[in-house]
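Residue numbers (the numbering used here), protein chains in the order written: chain A, 1 to 744; chain B, 1 to 303; chain C, 1 to 210; chain D, 1 to 427. Note that CB positions come from ideal geometry on N, CA and C, so glycine has one too. Keep in mind that this is a model prediction, so the values were computed, not measured.
Okay, structure coming up:
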């Protein structure tokens, strides 16, 4: 490693100069921080201050920069030195803004500042500026799995952007579900009548595009590698497999209609005159071929009356059927009712619904159906009784309060059953069985056949869908460079699926571009650091390979971890998991944090100055503490806060080191875990907590009180709450008494 | 020649000896002051009112109004039709809208009119007197003529239904129209903008057929006027006026209330404020006497 | 076969179609989305409840409850206040539909016989079309005597104070009993209305036939 | 963030809410140069004014923090705040946008130390809190504000307060002579993500918004619940500051109504369901929510959320569009109407009524190039006639956050396709 030169810069602005003895801080940096170059400046973030630093870099050969000023979240434009290792000691939001401006507070405030300077120097020395991941592939080809509207749209949009595409469709033809439709719901004003599906057009676009290679009757036999360098085996009908180099993957495997045979009480499977929405599309298509009259399957007589049963096997609270709403069915039934009304207004068409769900301009489509004479009845269908060529539909009329209302002599009944995602193997099988939402089919056949140690397919979220759990980041999956789009990740209609497909194409393109540059994907997008492992120290315990929330780490035949950097999201969970501490990042490691912990000056037990270590998640807890500072909310001068990438990256050694060093307590602040987790690394905070749950044993062996470690679930809005919790904890620790390890 | 001229459609209730004859009298005095010339449509007939619906059917109802249009066109060409009665105005305006929007209805109407030897060539504008006052003259012009401000009188502006819905006066809201309050202020009296019953229905024709239902609503209308400390109520509609005024006695019997509040037409307030006599304002036409106004009307005019 | 059974035969179970063709503004009934704003806006609704509020009537029509709808007294509660019309999010002309259904029920002779508003409505129309102008005195008298002579006197007495007030205020003229206001061209008015009825009836029957 | 010169390979993103930020960041992280234009002094848009998101009940500022970090670290995005696009000339692959930049009166020297705020006295309405509160005329728009830089309200200019502010700033950050300027920016493609505005509730006359203090809108309710809001997170009645525990939520306030907005605004049902959680959160013992609705539109997986709320005894559902609201002597708003499920009439007083107001696209009435095709509700349609101007988020449809972000990501790709073509042509 090239020799380094560290410089420390202490700002006097924003009241730091008045509230702190900055000369003393400079000395601390030199004496304790052992930095050769330490300066203070009146106003470090202004042009002059920044110029000073740049000058030292240019002329003094400074490689490592420690800035003692405001929070790392502030003044990022000014203190932007991407080629150099930079540490920020938070003297403003972290010290002077959370301490009272009084004589008696002055001493403890100064101590706080000095510790942060020591910590900053220690940290920066343990860092190197990330060089970027060299183990990358440069494939620019997209793999699209699924040849329906979503898949074809992804392929076309990617190709339009200038990227080659390999499209794999398991059936013998492109088109998918939409290909079987007679017509689709309109997407343009005036939203009055069913429109052409546009599938034929998409198919011809795909076929005409030399940039898109289509495999029909084909499946994915094997997916190996990482973004930028996936190697995919495509198995075709003939038995031959073709190997493709792939940069990123979009899975658009769509859905299957919920099986109406599971709804015998609604006549499912009881009569040819009870069909699902697919069944009706077929009848309508057939009619269009002929005289346009939709006929009764049982005897071919023209349909004079048809009833649509909404939410068939959906929005189910009994646990037998789908618990969710498929969103598209109301518009679909309206469309299908129009198939009848547009050809013969005399046909009685009734839609029985509980809540009619036609968002946005769907409301115009709803109105248009009413104008055409489609009858909407708010009710709950109890039973469909087919007899001979007609059926009786018994329902509870919710408006007229008629519990045994009935429609008799109904020629055709259409059950609006929902969408079931074709999402492959549910690799979190445990989660699947615990799924209280109920009877979601678990497809036994893998779709991607990933060679990943953690399983063959993309993890599912809920009810078999692969949707991201994030509201702000809908495309995030737990498999870097693999995105899902269309009804496989959330029930949706054609319009949404096409929008979704276009977005997914962008994410895939982005993933392969950044993989080539060795950059991280969301949420640490652009991060050049990546995990490095000293295999000679590894004990093959497999914790890292099991815990990685993104399945980035495989195992070689000797059970050593194989890091696929381009799959890595840089959360550091592997680092936190490693019992022998052989995993680290260039700018974030067991050492960068450990050194800071050691750097803190621990007063002896008689000083009555306890020390509390706070390890705070940088996404939520740390900003909350910053904002507490901005609001000038005071909290204890005894805490020393270190931001961590994620609670999952917290290695228990930090805690034991701290306690051994004589800290009186350790506070861990991480995001909400569990079902409604808010951790941006999905499982990070949860894994962190699981690890912590075992800390009690460690405490016992050190015979320390369990109060010495405190785990706090934190949201970014806890601006008032955090200072309260900190002060409360500080008081508790006083009660517990000083740590016995002080001064050893 | 007068500043403004209109074909006048007084309607049945405004005739001599009919329930709104006092309305007519006061309107005539008001128009004299404002230099508005109203020429009664010769041999006009009843509008059928909304309550005629059981027998009226659609076409006959419109034909009735169309006859008035035809007469107006024949005798007073080019003049807009002005009605003082809310029901007349609404009935006529509805007919106007329907005929303009349906050629069949228009043709049928013409065919029926033939029987009375009449026809329509163009649709007249049908306007309520209040519209004329606000849009053609304006508050400023109306205020100019105030020589005897109704100082210290607190008046609840009761707009009711049919001058307000479904057409209403331009720029006013259905739920909280303010033009009556403005008129009250204009004549120097004190308005009650927060009077929340201003658009409550008086029961309309149900006052005759199902008095108890109508009177329950009238009770709310009067009660709230009292709650807001009103000395009197003002309205632009003959049926509202009659219903709210003449049943107070019965309501008192039914509910043990002590209602005795005068219900006036805007035109009566204006005539008094314009310096007119009690007779000009037809104050003698009140079943519940408007003593405060009579006193003011007796006072000499400040000039 | 009565008019009623005739149409019933023709439309069989499709009451909505019948309403659309036979009732003024009836083709709006299908546009209702059951939000209930009309019901909540109706002034009479909040007193002795309606049998069926407008939106419920519309649902009953769609449900083919012909008998209940046409014999219902509900429509006759309309005061023509137009609150429902201006608030309806689907812009249904509810007031007119109510009048239309009432008129149709009346036409078929299915409306409740002694429903006071039905009676008064008919009375009013006869009264105003007789001379071309309303005769308020005869109108009131007619109403009081709807349930026979004795009841008429009773009603009359009950309304005496009101009447006297009006007479004193010269807003009710006893002489109206003999003659009163009228149009000069009563013949024309009658002929014109006769024609109008003919046309309207023929159109409705045409619809029924077609 | 560094400045870069805009060329016709640049993507112009109009609107710095969640959709605009997403479009800008996704494009920048794919290696494209972006100019991001925001009319407010800080990024974040409407979502940053929400207390929680449905269905996770997590906090919008959490995602905002991530997006801001993405932005801070990305030199490809050039940000203009207090800026409005007043016109766009040109055609696909070659646009010139005219941008009006209002003066902030504070330059990049600002450290957000807050001395100027302490120095001035004048207070002005705080739009971040929908004017439910006031802030100093020298202010940081909110705790998460980016750029983290103060703003002087124009009202202060020329007053003694302005001089006090200037005097209080040790860093020469306050420049009272800043003027409005108009600049021109070249771009190959434009993503129009100007979002939505709440429908003007005062237009819904029967509900008396504006006449009755205790009738408020759903967006205002978000601020009441927010710990950083005007009431510090307490749900209090505007009229008398009393705790509002019995709260009515009125759906379709403006939406699905031909007298107002013809479309369904999609989010309002979920927003109200979410807000019932606020009521329970703040008043666990005796909080009570009533939802008046026509259809509950809890689409797809949101249905689970709806089912949970249905199971909550403190929440009741009434299938009815409230006919009108009156106010009783205690200032309680009273809802009048009819429960259409079995015809039940009600006249119910509540402590507070929250109108779930509809979404109106902000593009409506805003001067964008004439050829932009929008539907009759004013949402930008996907239409070839729009050239390389792409609607994103709620400028294109009534969308929830999740769908808005999808839409923005898709729009970003469409824009990239255009600038890639341009690049090819020039290479």
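| Item | Value |
| --- | --- |
| Validate contact between the segment 404 to 420 of chain A and the segment 305 to 314 of chain A using beta carbons, cut 8 Å, 3 pairs | yes |
| Chain B residues whose Cβ lies nearer than 9 Å to that of residue 149 (chain D) | Those do not exist, as residue 149 (chain D) stays about 44 Å from chain B at its closest Cβ, beyond 9 Å. |
| Within chain B, partners of residue 211 (chain D) - CB distance below 8 Å | 176 |
| Selection of the segment 560 to 576 of chain A by Cβ proximity to chain D, strictly under 9 Å | none |
| Rounded straight-line distance, which links the Cα of residue 175 (chain B) to that of residue 207 (chain D) | 9 Å |
| Residue 471 (chain A) - DSSP class collapsed to helix/strand/coil | coil |
| Near-chain A residues of the segment 372 to 383 of chain D - C-beta to any C-beta below 9 Å | 375, 376, 377, 379, 381, 382, 383 |
| Between the CA atoms of residue 651 (chain A) and residue 579 (chain A) - distance to the nearest angstrom | 8 Å |
| With 16 other Cβ atoms within 10 Å as the buried cut-off, status of residue 559 (chain A) | exposed |
| The segment 653 to 662 of chain A in contact with the segment 595 to 605 of chain A per 3-pair CB rule at 8 Å | yes |
| Beta-carbon proximity check, residue 80 (chain C) vs residue 50 (chain B), cutoff 9 Å | yes |
| Chain-order list of residues whose beta-carbon lies under 7 Å from that of residue 98 (chain C) (same chain, five-residue window excluded) | 54, 75, 78 |
| Chain C residues whose Cβ lies nearer than 7 Å to that of residue 378 (chain A) | 34 |
| Under the three-state DSSP convention, the category residue 439 (chain A) falls into | With a pLDDT of 47 at residue 439 (chain A), under the threshold of 50, the modelled position of this residue cannot be trusted; read the value that follows with caution. Coil at residue 439 (chain A), not helix or strand. |
| Under 9 Å by beta carbon: chain D residues contacting residue 93 (chain C) | Neighbours of residue 93 (chain C) on chain D: none; closest Cβ ~13 Å, over 9 Å. |
| Under 8 Å from the C-beta of residue 318 (chain D): neighbouring residues of chain A | Ordered by position in chain A, no residue passes the 8 Å Cβ test against residue 318 (chain D), which lies about 13 Å from the chain. |
| beta-carbon residue 89 (chain A) near the ligand HEM non-hydrogen atom, thresh 8 Å | No copy of the ligand HEM occurs in the structure displayed, which carries no ligand at all. |
| Run of the alpha helix (DSSP H) containing residue 205 (chain A), from where it starts to where it stops | 199 to 208 |
| Alpha carbon of residue 20 (chain A) to alpha carbon of residue 113 (chain A), nearest angstrom | 8 Å |
| Among A:52, A:197, A:459, A:538, nearest to residue 494 (chain A) - alpha-carbon criterion | A:197 |
| Any chain D beta carbon closer than 9 Å to residue 196 (chain B) | yes |
| Closer than 9 Å at the beta carbon, the chain A residues around residue 56 (chain C) | 399, 400 |
| Limits of the alpha helix (DSSP H) - the one that residue 48 (chain A) falls within | 47 to 60 |
| Neighbour list for residue 326 (chain D) in chain B, Cβ cutoff strictly below 8 Å | 196 |
| Helix, strand or coil at residue 317 (chain D) [DSSP, three-state] | strand |
| Residue 302 (chain D) - DSSP class collapsed to helix/strand/coil | helix |
| Residues from the segment 283 to 314 of chain A in contact with chain C, defined by Cβ distance under 8 Å | none |
| Straight-line gap, residue 66 (chain D) to residue 73 (chain D) (C-alpha atoms, nearest Å) | 11 Å |
| Exposure of residue 333 (chain D), with buried meaning 16 or more beta-carbon neighbours within 10 Å | buried |
| Cβ-Cβ distance between residue 132 (chain C) and residue 47 (chain C) below 9 Å | no |
| Residue 83 (chain D) beta carbon less than 9 Å from that of residue 101 (chain D) | yes |
| Residue burial classification, residue 179 (chain D) (beta-carbon count within 10 angstroms, cutoff 16) | exposed |
| Option in B:153, B:106, B:287, B:266 with minimal Cα separation from residue 167 (chain C) | B:287 |
| Residue-level contact to chain B via CB, residue 43 (chain C), 9 Å cutoff | yes |
| Which listed residue (A:280, A:714, A:99) has its alpha carbon closest to that of residue 638 (chain A) | A:99 |
| Nearest candidate by alpha-carbon position, reference residue 586 (chain A), set A:391, A:83, A:35, A:634 | A:83 |
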